[in-house]
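Each residue of the sequence shown is one higher than the one before, counting from 69 in our numbering.
In this text, a Cβ means the ideal position worked out from N, Cα and C, and glycines have one as well.
None of these values were measured; they are calculated from a predicted model.
Step one of this worksheet: look at the structure below.
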Amino acid sequence: LGVPFNIASYSLLTYMIAHVCKLNVGDFCYCLGDAHVYKNHIEPLKEQIERQPRQFPQLKIIRQVETINDFQFEDFQLENYEPYGPIKMKMAV
């Protein structure tokens, strides 16, 4: 749903900015406001919580770029990514 995509997107942006500025990547901190769970998401979330956590994958940027706009899809390599299968959740209205 929205939060996992946001975390991945902002983390990628953090890596990209650090790379262009020739800095080490620090921590990405994410604060939630108005966090909530819809009733139709309770059972799928129970399934997600029961899964054993896996190691985080590593993001590699394989080409030096000068500006944020120079990045291409091919510049990124994700190593040790072992996702579980999807858990479907209906859109809450």
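Distance, residue j Cα to residue i Cα
| i | j | result |
| --- | --- | --- |
| Ile130 | His104 | 38 angstroms |
| Cys89 | Ile136 | 9 angstroms |
| Tyr83 | Gly94 | 9 angstroms |
| Val133 | Leu127 | 16 angstroms |
| Pro72 | Met159 | 15 angstroms |
Whole-Å CB distance - residue i paired with residue j, under 8 angstroms assumed
| i | j | result |
| --- | --- | --- |
| Phe96 | Ser77 | Not really, about 11 angstroms apart at Cβ, beyond 8 angstroms. |
| Asn148 | Gln123 | 6 angstroms |
Start and end residues, alpha helix (DSSP H) containing residue i
| i | result |
| --- | --- |
| Ile117 | 110-118 |
| Leu100 | Leu100 -> no alpha helix (DSSP H), and no H or E assigned at all. |
| Phe73 | 70-88 |
Beta-carbon proximity list for residue i, same chain, < 7 angstroms, skipping 5 on both sides
| i | result |
| --- | --- |
| Glu142 | none |
Residue-chain proximity (residue i, chain D), Cβ-Cβ < 7 angstroms
| i | result |
| --- | --- |
| Gln145 | In summary, chain D is missing from the structure at hand, where a single protein chain is found. |
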